[in-house]
Amino acid sequence: MNVRSQIAMVFHLDKCIGCHTCSIACKNVWTDRKGTEYMWWNNVETKPGTGYPTKWEDQEKYKGGWEKKGDDLQIRSTGKAKVVPNIFHNPHMPSMDDYYEPWTYDYQNLFNAPESDDQPTARPVSMVTGEEIAVEAGPNWDDDLGGSSIYAANDANLEGLSEQQRLQLSSVEQLVFFYLPRICNHCLNPCCVAACPSGALYKRGEDGIVLIDQQRCRAWRACVAACPYKKVYYNWFTGKSEKCILCFPRLETGQAPACFHSCVGRIRYLGVVLYDADRLEEVAKLPNDELIEGQRSVILDPNDPAVIRAARENGIQDGVIESAQKSPVYQMVKVWKIALPPHIEYRTLPMLFYVPPLAPVQANKTNDTIDHVSENLFHDIDQARVPMRYFANLFGAGNEGPVRYALAKQKAVRWHRRAITVGDVDRATADRMLREADCTAEEAEAIYQLTSLCTFEDRFVIPPMYREQAVEMLKDPHEHRQSVGFGFSAGPKRGL
Amino acid sequence: MRRPKNQQNEPKTAIPRPLAAAAAVLAWLFSSAFAQAQDTPDYFRQNCMNCHTIGGGRLTGPDLKDVTKRQTRDWLANFLTNPKAVLDSGDPYAQKIFEESRRVPMPMAPGMTRERAEKLLDLIEAESKLPESQFKGLQISTAPFTAADVQAGRDIFTGRQRLASGGTACIACHSIHDIAALGGGLLGPDLTNVYDRLKGRASLSAWLVAPGTETMQPAFRNHPLKAEEIHSLVAYFEDAARYRPADPTGDRVTFLLLGLFGAAALLFAFDGAWKWRFRGVRRPLVDAAHKRGA
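Those sequence lines, one after another, are chains Z and X.
Residue numbers are given in this note's numbering: position 362 of the first sequence equals residue 1377, and the series is strictly consecutive.
Residue numbers are given in this note's numbering: position 191 of the second sequence equals residue 194, and the series is strictly consecutive.
Laid out in structure tokens, this is it:
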């Protein structure tokens, strides 16, 4: 057992209201620099939809992630043979059109326009060319718009849906959509790190945050092509690639990352988990239907004395182990099994998990009245407007089982709380629901607490980072102080 | 750029000047370094015999038999060491031989010194006394050439027939009237009218015995042409002289067009081979939707 610690995340999609506050918080902190205009380290997608960049989930086009070939795990976008012919150009990368051409508005015109009969307007101006542009795409162009014939209809997760199910998704009174906020998954088996020819990407040993060394990056963009989630971006101005850094400077000072902190719907959870690094390769090679359970099995019980002992042996601090014991992520992913990894079939073992959202049930329109096929408007999961198959493609590597389990448990918690607070559901029905969902009343209560009544401290259990000890591994602070003093990374020098 | 003056009125070839200059400099370094080591008869063979004979009659330059009796040794040595200076000084005898040589000035031989000039004069004097000098030159017959001779010459020119001593085929550096499409090399001049330029069989064959330019000398010093090869080549050049030289600008246009069309054809071929390459995702989605009328 090779125990390591990893900061993991859960996004509770049933609570996401699609306000994009997270995206804006991130943008304001990290990506309003020159060269980063088009980047959204955090973005929110309307699903069904093609996302950002367009159809990022279609790996037939982008060739991201890992591929199991025989007994081997190989990067789809590159390899020893592909490196040389693609040395100046990775062929399967999103173009600017697939992201979008970033734009701003000519706000000055509102103040400076000459007096006339009309109101002055602020016209869109491209942030690339500086010219006025006709905006035709954005990072979430079909925001709040279900069933669009271009974007929603081409969602890669619609694969395997019947023609009728597809039609339903775009028909009146059947329209449905939900939101999928995305950041870097800080995967356990990151494809971007494996693909980098310069060795610029690395996964931080103490917390598993995946970072790009801006000094070593040589702009090969192999990471951009390799990441199946398209969460590495190329900065055209600095000539380096950039990605979500999970606000590590905030984490190191005990604060939640900006997007987590600002989340209005309080959908985001963050905590440390302990995992067994020795088993990663074996798990990443499992067949599709065993991947979810395999990844859960890699995550270790932080209360198990054997795990604690092995963690200490590996230099994991007691503070981190205690933090892992209180981790909300561990509860949701491993204990309650209501949080699922996105597209684990890419085999990068993402450490951002999603609680799938409950959707309203289908309806029929006869004459002028609308009848719902189920009386349980928001609770009948197999009659939901979002087909189970769709969720299975997104969160279950094509398997409905784990998704149905997670949704059934959420449904049971609702019935349980309904029986307690409203009382229009009898206790026996609620208990039957809980039994069917493999859930006890205590567990349901705990889920309810963490979902609905969670405080800031419940949601973000940030481990102490012990940066002072990490720093001591690289240099002796006393020596550093004597050579340059604190506050400098390199000493001041005489001359220009 | 140093060039023999008898090629002055050649059509300008398309060699880039720096390249030609570099070649000339290299050739000069090469020949001068070696000239010191040669003995006088070899020096004469390589540097003088393309224009002069001793007792073989005049070629471009006069027959040198008994030249020491026609002029003083001192004048001759002066002239050898710097022919241009003597000619420019308006010396009447120099003017006279200049006119006789169809106004082809005597070039300064590589590695020429006062000492070497004296040795050459000694050699000429000695050879003049012999009944049959070794520098009489190649005596080529005056009988008409046959079609077979011309064909053999063409084969040698184009390299179809290798040179016996391993020299480079003419086509590597020269073009001629009947070389198709891309023509021959552009380093040397077009040889269609070389027969006329060098005034007939005798001078032409003398030239071929020991080509004297800075570029040809090092290439052929160790690979001299055989008498039969010279015979065939002269036959070919004599035949070629009946044609007008190929127009080099025409060749260059053909070459350019060939390049352009070749590049275009390659691009189309690549485009075809990678027809299904990745060209973006969003635009095709939108275009397809518009096509459906959505």
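Glycine included, every Cβ here is placed at the ideal spot set by N, Cα and C.
Check: What residue range does the beta strand (DSSP E) around SER92(X) cover?; Outcome: No beta strand (DSSP E) holds SER92(X); DSSP gives it neither H nor E.
Check: On a CA-only basis, which of SER1342(Z), GLU1360(Z), PRO1117(Z) is nearest PHE1471(Z)? Give me that one, please.; Outcome: SER1342(Z)
Check: Can you tell me whether LYS68(X) is buried or exposed, with buried defined as 16 or more other CB within 10 angstroms of its CB?; Outcome: buried
Check: Under 9 Å between the Cβ atoms of GLY1286(Z) and SER1338(Z)?; Outcome: yes
Check: Out of GLY187(X), LEU236(X), THR56(X), point me to the one whose CA is closest to ALA155(X)'s CA.; Outcome: LEU236(X)
Check: Along chain X, in chain order, which residues have C-beta atoms closer than 7 Å to that of LYS1076(Z)?; Outcome: PHE281, VAL284
Check: Could you say if the region 1394–1402 of chain Z and the region 1345–1353 of chain Z meet the contact criterion of at least three C-beta pairs nearer than 8 Å?; Outcome: no
Check: Quick check on DSSP: helix, strand or coil for VAL284(X)?; Outcome: coil
Check: Go through its chain and collect everything with a Cβ distance to GLU1174(Z)'s Cβ below 8 Å, but skip five positions before and after it.; Outcome: ASN1408
Check: 9 Å is my cut-off, CB to CB: does ARG245(X) come that close to chain Z?; Outcome: no
Check: So does the region 1150–1168 of chain Z actually touch the region 1179–1190 of chain Z, counting three or more Cβ pairs closer than 8 Å?; Outcome: yes
Check: If you follow the alpha helix (DSSP H) that VAL237(X) is in, where does it begin and where does it stop?; Outcome: 230–243
Check: Pick out whichever of GLY188(X), TYR246(X), GLN220(X), ARG295(X) has its Cα sitting closest to the Cα of PHE258(X).; Outcome: GLY188(X)
Check: Buried or exposed, going by whether 16 or more other CB atoms sit within 10 Å of the CB of LEU123(X)?; Outcome: buried
Check: Identify the contact partners of PRO1106(Z) in chain X, using a Cβ-Cβ distance below 7 Å as the criterion.; Outcome: ARG280, PHE281
Check: In chain order, which continuous runs of the beta strand (DSSP E) of length 3 or greater are located wholly inside the region 1177–1234 of chain Z?; Outcome: 1193–1197, 1216–1218, 1225–1227
Check: Using a cut-off of 7 Å between C-beta atoms, extract the partners of LEU292(X) located in chain Z.; Outcome: Per the sequence shown, the amino acid found at residue 292(X) is Ala instead of Leu. The contacting residues are SER1164, ILE1165.
Check: Please state if the CB of PRO1063(Z) and the CB of HIS1201(Z) are separated by a distance shorter than 9 Å.; Outcome: no
Check: If you draw a straight line from the C-alpha of ALA36(X) to the C-alpha of VAL1099(Z), how long is it?; Outcome: Low local confidence applies: a pLDDT of 47 at ALA36(X) is under 50, so the model's placement there is unreliable, and no value is given.
Check: Quick one, which residues of the region 1194–1218 of chain Z are near chain X if we go by CB-CB under 7 Å, in chain order?; Outcome: none
Check: In chain order, which continuous runs of the alpha helix (DSSP H) of length 4 or greater are located wholly inside the region 55–84 of chain X?; Outcome: 70–73, 76–84
Check: Considering only the alpha carbon of each residue, which of ILE1148(Z), THR1144(Z), ALA1237(Z) lies closest to ALA1137(Z)?; Outcome: ILE1148(Z)
Check: Where does the unbroken beta strand (DSSP E) through ASN1318(Z) begin, and where does it stop?; Outcome: Here ASN1318(Z) belongs to no beta strand (DSSP E), and DSSP marks it neither H nor E.
Check: According to DSSP, which residues form a beta bridge with PRO1356(Z)?; Outcome: Beta-bridge pairing links PRO1356(Z) to no other residue.
Check: Give me, in chain order, the residues of the same chain whose beta-carbon lies closer than 6 Å to that of CYS1041(Z); leave out the 5 immediate sequence neighbours on both sides.; Outcome: TRP1056, ASN1057, ALA1273, CYS1274
Check: Can you tell me where the beta strand (DSSP E) holding VAL107(X) begins and where it ends?; Outcome: Looking at the DSSP string, VAL107(X) is not in any beta strand (DSSP E), and its letter there is neither H nor E.
Check: Provide the residue(s) that pair with MET1024(Z) in DSSP beta bridges, ordered along the chain.; Outcome: LEU1285(Z), LEU1367(Z)
Check: Tell me which residues share the same chain as HIS1495(Z) and place their Cβ nearer than 8 Å to its Cβ, disregarding the 5 neighbours each side in the sequence.; Outcome: PHE1501
Check: Hey, quick one: how far does the alpha helix (DSSP H) through VAL1098(Z) stretch, first residue to last?; Outcome: 1095–1098
Check: When you compare the CB positions of THR75(X) and SER131(X), do they come within less than 9 Å of one another, or not?; Outcome: no
Check: Out of PRO1375(Z), LEU1367(Z), LYS1030(Z), point me to the one whose CA is closest to LEU1203(Z)'s CA.; Outcome: LEU1367(Z)
Check: For the region 150–164 of chain X and the region 76–88 of chain X, state whether three or more C-beta atom pairs, one from each stretch, are separated by less than 8 Å.; Outcome: no
Check: Taking the CB atoms as reference points, tell me whether ALA1241(Z) and CYS1207(Z) lie closer together than 9 Å.; Outcome: yes
Check: What do you get for SER1177(Z), buried or exposed, if any count of 16 or more other CB atoms within 10 angstroms of its CB means buried?; Outcome: exposed
Check: At a CB distance below 7 Å, what residues from the region 1114–1143 of chain Z approach chain X? Give them in sequence order.; Outcome: none
Check: On the DSSP letters alone, give me the boundaries of the alpha helix (DSSP H) that ILE1039(Z) sits inside.; Outcome: 1036–1045
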